[in-house]
Structure formats: structure tokens, C-alpha cells
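Structure first, commentary second.
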Amino acid sequence: MSPHVILRVVSKLLIPLIALFALYVQFHGDFGPGGGFQAGVIFASSIILYALIFGLDEAKRAVPPSWVRIGMTLGVLIYGGTGVATWMLGGEFLNYTYFAPQSTHAAGQHWGIFAVELGVLCTVTSAMVAIFYAFGSRAPELTDEDW
Amino acid sequence: MSNIPPTLMLDMGLMAMLLVVAFAVVRLRSLFAIVMLQGVYSLLSAAWFVSLDAVDVAFTEAAVGAGISTVLMLGAMLLTEREAKPVAMQKQLGSLFIVTITGLALFYAIGDMPAFGDAHSAANAYVGSDYIAATKNNIILPNVVTAVLASFRGYDTFGEVVVIYMAGLGILLLLGLNGNAGKWRAQPNGQDVAGNRNSNADSEAGDKS
């Protein structure tokens with residue numbers, strides 16, 4: 001049994017809450033402080049906390065490196081795809097108004113910002129986790145002395 | 001003392017703490033303590049940004065500066081020494097010179113800075129006020145920062161996302177997700193080629209320890 005029982009118990013409680021908070025920051029970014037960048041970093045930090053406490057191999061089983069690789073690209077594609085979609089609808093690149101041109105309460109802008117922020121979330125989360133995986137995989141396991 | 005506004009006192013207190021932490025970082029030799037103090041420095045700056053009403057910036061500073069970069073610095077530290085080697089005084093003179101000149105230039109520039117919250121400063125006039133007015137009419141979002149970031153400045157944010165993507169991609173190309181850089185094997189033209197690490201794995205393991 002690992003000696004860090006308190007750390008394990010507390011972080012097990014905190015990790016879902018951190019992930020939930022990231023989603024709140026993501027979807028509440030239109031109304032309060034926050035957005036894709038912050039949410040992505042917070043979401044990544046919940047995964048990194050998991051890796052720090054339970055080990056990198058466990059974290060890689062929960063969030064496989066292939067997801068990370070795909071997620072990084074997917075985010076950029078979602079963002080760029082939103083721009084291409086507005087092109088197809090007859091507007092300029094990233095002119096979200098064309099998603100709902102008749103709307104009186106700027107629904108097109110809201111949809112566009114939602115899609116774009118989702119892309120940001122994808123890329124930022126994956127890139128942060130990727131950098132952590134890359135560095136963490138090279139570092140030797142933490143000894144008790146380092147704690 | 002009583003006629004100093006409380007927010008100003010808070011600002012000054014936070015700035016004083018930043019200064020103390022910065023001196024501690026410079027003076028310390030233990031890399032672990034330095035990484036932790038850098039996290040403290042980021043957290044203090046985040047608190048200071050909140051007091052300056054820049055909540056979005058504070059949020060990012062707290063998440064990236066105090067959270068992710070601390071972890072990444074720890075990861076990098078694990079690959080190196082735990083203590084920094086002291087640098088000879090003569091080698092520090094050049095940096096001292098540059099730091100002094102830069103500091104003097106910054107103090108000289110303070111006179112040209114707009115006052116905090118100045119409505120006529122370059123950042124608040126021109127496009128700034130246009131964006132605030134247009135957000136109310138065309139985008140209808142309570143958070144102007146999100147509207148500027150994602151809609152008015154959509155191109156810039158796209159660029160930022162690509163920058164983060166490229167950073168991740170560069171790290172992956174250099175190190176690999178599983179730390180298997182240099183352990184690859186390929187068979188071009190039928191001949192067996194392996195990464196350097198694999199062929200002399202034993203000596204490499206000896207170097208590490």
C-alpha cells in the first residue's frame with residue numbers, strides 16, 4: 001500500500017470537482033471570466049494531478065496518448081472548420097453571423113463562439129497533457145525522498 | 001494613513017510580497033524551492049490582477065503560471081540536479097549591467113504610462129470603445145472579453161490555438177508521448193536501423209544513474 005493515503009483520498013475527491021469546474025469555466029465563459037484556454041488548462045491539470053498521485057501508467061490508461069494526439073489536431077480542425085463553415089454559408093472566414101442571419105439576438109455569434117471555444121478546449125487540454133506525458137515519461141519515478 | 005484607499009494598500013502589499021518572493025528566488029540554491037516560489041509568484045500576480053479588475057487574465061495566470069508551469073518545471077527538474085551550482089561573481093556582472101539598464105529604462109518610461117483606468121488611454125479609446133459598443137448591439141454577450149477574443153479577434157485566437165498545437169507537436173516530435181525518443185527501429189531498403197539509444201542501451205543506463 002502506498003504511503004500517501006491522505007493525498008490519494010483527497011485527490012480522488014478533488015479530481016472530479018476540478019474537471020467539473022473546467023466544464024463550468026468552459027460553458028460559462030460567455031457570461032463570466034473564463035473560456036476555452038482557462039478551461040483547457042484546468043481540465044489538463046486534473047489529469048496531471050491524477051498522474052502525479054496514481055502514477056503515469058495509470059493516467060495513460062485513463063487518458064491514452066492516442067486520444068491526446070487526436071485531440072490536439074481535432075481542436076485546430078474544429079476551430080478552422082468553423083471558419084470554413086461560415087465560408088460555405090456565404091460569409092467571411094469566422095464571420096459567425098452567417099450561422100443564423102435572421103436571428104435578432106445574435107444566435108449565430110453565440111453558436112460560433114461556442115464551437116470555437118470547444119476547439120480551443122480540445123487543443124489546449126491535449127497539448128498540456130501531451131507536454132506533461134512527454135516530460136513525465138522521461139523522468140525517473142519519484143522516490144520518497146523527493147516527496 | 002486613513003486617506004489611502006484599501007485597494008491601493010492591497011496592491012502595494014501584493015507588490016511588496018512579489019518583490020520578496022523575487023529576491024528569494026534569486027538568492028535560493030535549491031531548485032525545488034525555486035520552482036515552488038515561482039508558483040507562489042504567479043499566484044500573487046493573479047491576486048494582483050484580480051485587484052486590477054483583470055479577472056480573465058488573473059484566471060489564466062493562476063491556471064497556467066501557478067498550475068501547469070509549476071508541474072512542468074518540476075518535471076524538468078527531475079531530469080536534472082536538485083541544487084543549482086553557484087555562479088562566480090565576475091560572470092554575474094554582465095547580467096547585472098543589462099538588468100540595471102533595463103530597469104532604468106522602465107522607470108524612465110513610467111512617466112509616459114496612462115493612469116490606471118484612464119478612459120482616454122490608447123487601450124480604452126479607439127477600437128476598445130468600438131468593441132464594447134458593438135458587443136452590446138451585435139454579439140449580445142455579457143462578457144466583452146469573450147466577445148473580443150472569439151469573435152472580433154477570431155483570427156488572432158486561431159493563431160494562438162495553432163501556436164499551442166505547434167508547441168505540443170514540437171514536444172511530441174522531440175520527446176514522444178511515451179518517452180521513447182531514440183528507441184525507434186526502421187528498415188529502410190531492407191537494412192535494420194535503430195535509434196542511438198537502443199543500440200547502446202547499457203551505457204546509457206549507466207550514464208543516467
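Chains as they are written, first to last, in the working numbering: chain A, 1 to 147; chain B, 1 to 209.
Beta carbons are placed, not taken as given, at the ideal position from N, Cα and C, and that holds for glycine.
Taking C-beta to C-beta, are Y41/B and L18/B nearer than 8 Å? Position 41 of the second sequence holds residue 41/B. Position 18 of the second sequence holds residue 18/B. Contact flag set, yes.
For M128/A, decide whether its Cβ has a neighbour in chain B, counting only Cβ atoms nearer than 8 Å. What you label residue 128/A is simply residue 128 of the first sequence in a count that begins at 1. Among the CB atoms of chain B, one or more fall inside 8 Å of the CB of M128/A.
Who pairs with S30/B in a beta bridge, going by DSSP? The count along the second sequence starts at 1 and reaches residue 30/B at position 30. E83/B, per the DSSP bridge assignment.
Residues of the stretch 41-75 of chain B whose Cβ lies closer than 7 Å to any Cβ of chain A, in chain order: V55, D56, F59, T60, A63, V64, G67, I68, V71, L72, G75
Quick one, which of R69/A, V10/A, A39/A has its alpha-carbon nearest A19/A's? Position 19 of the first sequence holds residue 19/A. When only C-alpha atoms are compared, the closest one is A39/A.
Under 7 Å by beta carbon: chain A residues contacting Y155/B: Within the second sequence, residue 155/B is the residue found at index 155, counting from 1. Chain A residues near Y155/B: L94.
Residue ranges of each alpha helix (DSSP H) run of no fewer than 4 residues wholly in the stretch 58-101 of chain A, ordered along the chain? Whole alpha helix (DSSP H) segments, 4+ residues: 65-88.
Across the stretch 111-122 of chain A and the stretch 72-81 of chain A, are there enough close Cβ pairs to call them in contact, namely three or more that are closer than 8 Å? Touching, yes, given that three or more Cβ pairs across the two stretches are closer than 8 Å.
Measure the C-alpha to C-alpha separation of F116/B and T102/B and round it to an integer number of angstroms. Within the second sequence, numbered from 1, the residue matching residue 116/B stands at position 116. Within the second sequence, numbered from 1, the residue matching residue 102/B stands at position 102. Approximately 23 Å, taken between the alpha carbons.
Give the single residue among F114/A, V41/A, A59/A whose Cα lies nearest to the Cα of G83/A. The count along the first sequence starts at 1 and reaches residue 83/A at position 83. Considering only alpha carbons, the answer is F114/A.
Could you give the distance in angstroms between the alpha-carbon of Q46/B and the alpha-carbon of G39/B? Numbered from 1 along the second sequence, position 46 holds the residue referred to as residue 46/B. Numbered from 1 along the second sequence, position 39 holds the residue referred to as residue 39/B. Residue identity differs from the one stated: residue 46/B is Ala in this sequence, not Gln. Going by the C-alpha atoms only, they are around 11 Å apart.
List, in order along the chain, the chain A residues whose C-beta lies closer than 7 Å to that of V35/B? Position 35 of the second sequence, counted from the first residue, corresponds to residue 35/B. Against chain A, a Cβ distance below 7 Å from V35/B picks out nothing, because the smallest value is about 12 Å.
Could you please give the first and the last residue of the uninterrupted alpha helix (DSSP H) stretch that includes Q187/B? Taking the second sequence and counting its residues from 1, the one referred to as residue 187/B is at position 187. Looking at the DSSP string, Q187/B is not in any alpha helix (DSSP H), and its letter there is neither H nor E.
Give me the Cα-Cα distance between N3/B and F49/B, rounded to the nearest whole angstrom. Counting from one through the second sequence, the residue named residue 3/B turns up at place 3. Counting from one through the second sequence, the residue named residue 49/B turns up at place 49. Cα to Cα, N3/B sits roughly 23 Å from F49/B.
Determine the extent of the alpha helix (DSSP H) in which D156/B is found, giving its start and end residues. Numbered from its first residue, the second sequence carries residue 156/B at position 156. Counting along the chain, the alpha helix (DSSP H) containing D156/B begins and ends at 154-175.
Less than 8 Å separating the beta-carbons of Y131/B and F152/B? Taking the second sequence and counting its residues from 1, the one referred to as residue 131/B is at position 131. Taking the second sequence and counting its residues from 1, the one referred to as residue 152/B is at position 152. Yes; because the gap between Cβ atoms is below 8 Å, this pair is in contact.
Who are the near neighbours of V148/A in its chain, counting only those whose CB is closer than 7 Å to its CB and skipping five residues on each side? Coverage of chain A is limited to positions 1 through 147, which leaves residue 148/A absent and any answer about it impossible.
Counting only C-beta atoms, is A106/A closer than 8 Å to chain B at any point? Counted from its first residue, the first sequence places residue 106/A at position 106. True, the Cβ-Cβ gap to chain B drops below 8 Å.
I believe E117/A touches G32/A by the beta-carbon criterion, under 8 Å. Please report the beta-carbon distance rounded to the nearest angstrom. Numbered from 1 along the first sequence, position 117 holds the residue referred to as residue 117/A. Numbered from 1 along the first sequence, position 32 holds the residue referred to as residue 32/A. Taking the Cβ atoms as the reference, E117/A lies roughly 13 Å from G32/A, outside the contact range of under 8 Å.
Which listed residue (T104/A, P16/A, G112/A, F43/A) has its alpha carbon closest to that of A85/A: Translated into the one-based positions of the first sequence, residue 85/A becomes position 85. Minimum Cα distance to A85/A is reached at G112/A.
Quick one: what's got a C-beta closer than 8 Å to W67/A's C-beta in the same chain, skipping five residues either side? For this step, residue 67/A is matched to residue 67 along the first sequence. Excluding positions up to five away in sequence, the list reads S126.
What is the rounded straight-line gap between the Cα of K91/B and the Cα of L141/B? Position 91 of the second sequence, counted from the start, is the residue given in the question as residue 91/B. Position 141 of the second sequence, counted from the start, is the residue given in the question as residue 141/B. The alpha-carbon of K91/B is positioned some 54 Å away from that of L141/B.
Spatial neighbours of S51/B within its chain, please: C-beta separation below 8 Å, excluding the five flanking residues on both sides. Start at 1 with the first residue of the second sequence, and residue 51/B comes out as number 51. Closer than 8 Å at Cβ, skipping near neighbours: T7, L10, D11, L14.
Would you grab the beta carbon distance between A63/B and V41/A for me? Rounded to a whole angstrom, and I think it's under 8 Å. For this step, residue 63/B is matched to residue 63 along the second sequence. For this step, residue 41/A is matched to residue 41 along the first sequence. With a contact defined as Cβ atoms closer than 8 Å, A63/B and V41/A qualify at about 4 Å.
Does the CB of V68/A have a neighbour CB from chain B at under 8 Å? Taking the first residue of the first sequence as position 1, residue 68/A is located at position 68. Chain B contact via Cβ: present.
Any idea if D157/A is buried or exposed, counting beta-carbon neighbours within 10 angstroms, 16 or more meaning buried? The question about residue 157/A has no answer here: the residues shown for chain A are numbered 1 through 147.
Checking contacts by CB at 8 Å: is I131/A closer than that to chain B? Indexing the first sequence from 1 puts residue 131/A at position 131. At least one chain B Cβ lies under 8 Å of I131/A.
Where does S103/A fall in DSSP's three states? Against the first sequence, residue 103/A aligns to sequence position 103. Coil.
Run the CB neighbour count on L52/A, radius 10 Å, all protein chains shown included, and call it buried at 16 or more, exposed below. Residue numbering aside, residue 52/A sits at position 52 when the first sequence is read from its first letter. Buried.
Between which two residues does the alpha helix (DSSP H) containing F116/B stretch? Here residue 116/B corresponds to residue number 116 of the second sequence, with the count starting at 1. First-last for F116/B: undefined, no H or E at that position.
Would you please verify whether the beta carbon of A16/B is less than 8 Å from any beta carbon of chain A? As a working note, residue 16/B is residue 16 in the second sequence. It does not: the Cβ of A16/B has no partner Cβ on chain A nearer than 8 Å.
Anticipated Cβ contact below 8 Å, L44/B with V21/B, distance rounded: Position 44 of the second sequence, counted from the first residue, corresponds to residue 44/B. Position 21 of the second sequence, counted from the first residue, corresponds to residue 21/B. Right, their Cβ atoms sit about 7 Å apart.
Start and end of the alpha helix (DSSP H) containing G94/B? What you label residue 94/B is simply residue 94 of the second sequence in a count that begins at 1. Residues 89-109.
With distances taken between CB atoms, is the gap from I110/B to A106/A smaller than 8 Å? Taking the first residue of the second sequence as 1, we reach residue 110/B at position 110. Taking the first residue of the first sequence as 1, we reach residue 106/A at position 106. Cβ distance not < 8 Å, so I110/B and A106/A don't count as in contact.
Going by alpha carbons, who is nearest to G168/B out of T104/A, L94/A, I70/A? Position 168 of the second sequence, counted from the first residue, corresponds to residue 168/B. The shortest Cα separation from G168/B among T104/A, L94/A, I70/A belongs to I70/A.
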